[in-house]
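Take a look at the structure below.
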Amino acid sequence: MTEHSKSDDDVMPLDEIRLTGLQVRASHGVMPHEQIVPQTFIVDMAAKVDLFTPSMSDDLSHTIDYGQLAEMIANIVRDEPVRLIEALAGTIADEIMGSYESIHAVAITVHKPQAPISELVSDVSVTVNRVRDAYTSRIW
Numbered sequence: 091m092t093e094h095s096k097s098d099d100d101v102m103p104l105d106e107i108r109l110t111g112l113q114v115r116a117s118h119g120v121m122p123h124e125q126i127v128p129q130t131f132i133v134d135m136a137a138k139v140d141l142f143t144p145s146m147s148d149d150l151s152h153t154i155d156y157g158q159l160a161e162m163i164a165n166i167v168r169d170e171p172v173r174l175i176e177a178l179a180g181t182i183a184d185e186i187m188g189s190y191e192s193i194h195a196v197a198i199t200v201h202k203p204q205a206p207i208s209e210l211v212s213d214v215s216v217t218v219n220r221v222r223d224a225y226t227s228r229i230w
């Protein structure tokens, strides 16, 4: 191993900011009535970020304001209707990665508890993941 390479043991895991259970009413779906009648969508977000500085400074300006982040996600969910929750989750993840350079990776889960399917389930959800290196090479 050269002096510039690192083993897996040398890499510290990143810290995480989570928003869990953000409820937003919106009209998304494949069925015509879903595009008219709002239903509740639930969004969970986990962002990988270095929180060392804010943990030492206790200063909001050194971290991500999760209130603003929640508002951003809610506005995206309320925006233009999409047919698939996969598209909604992808849009949320891409907007977060584009807006917050300090976020190294993000996972977005969109739950659609009232999904119109024939079998009884308590929830339907999809999760998309974006990683900074993969994101920047794919988008730009």
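In this text, residue positions in the sequence shown follow the working numbering: the first is 91, and each later residue adds one. Even for Gly, the Cβ is constructed at its ideal location relative to N, Cα and C.
Status (buried if at least 16 other CB within 10 Å, exposed otherwise) for residue i
i: Phe131; result: buried
i: Val133; result: buried
i: Leu210; result: exposed
i: His118; result: buried
i: Met187; result: buried
Beta-carbon proximity check, residue i vs residue j, cutoff 8 Å
i: Val196; j: Ala183; result: yes
i: Ala116; j: Pro103; result: no
i: Ile166; j: Thr181; result: yes
i: Glu185; j: Val216; result: no
i: Arg222; j: His194; result: yes
i: Ala179; j: Ile198; result: yes
Close beta carbons around residue i, own chain, < 6 Å, minus the five adjacent residues each side
i: Arg173; result: Val120
i: Pro203; result: Asp213
i: Ala260; result: Coverage of the chain is limited to positions 91 through 230, which leaves residue 260 absent and any answer about it impossible.
Cβ neighbours of residue i in the same chain (closer than 7 Å, five flanking residues each side left out)
i: Asp105; result: Val139, Asp140, Leu141
i: Tyr190; result: Ile154
For residue i, the residue or residues it bridges with in DSSP
i: Asn219; result: Ala197
Close Cβ partners of residue i (< 8 Å) along its chain, the five nearest in sequence each way excluded
i: Arg108; result: Asp134, Met135, Ala136, Ala137
i: Tyr156; result: Ile107, Leu109
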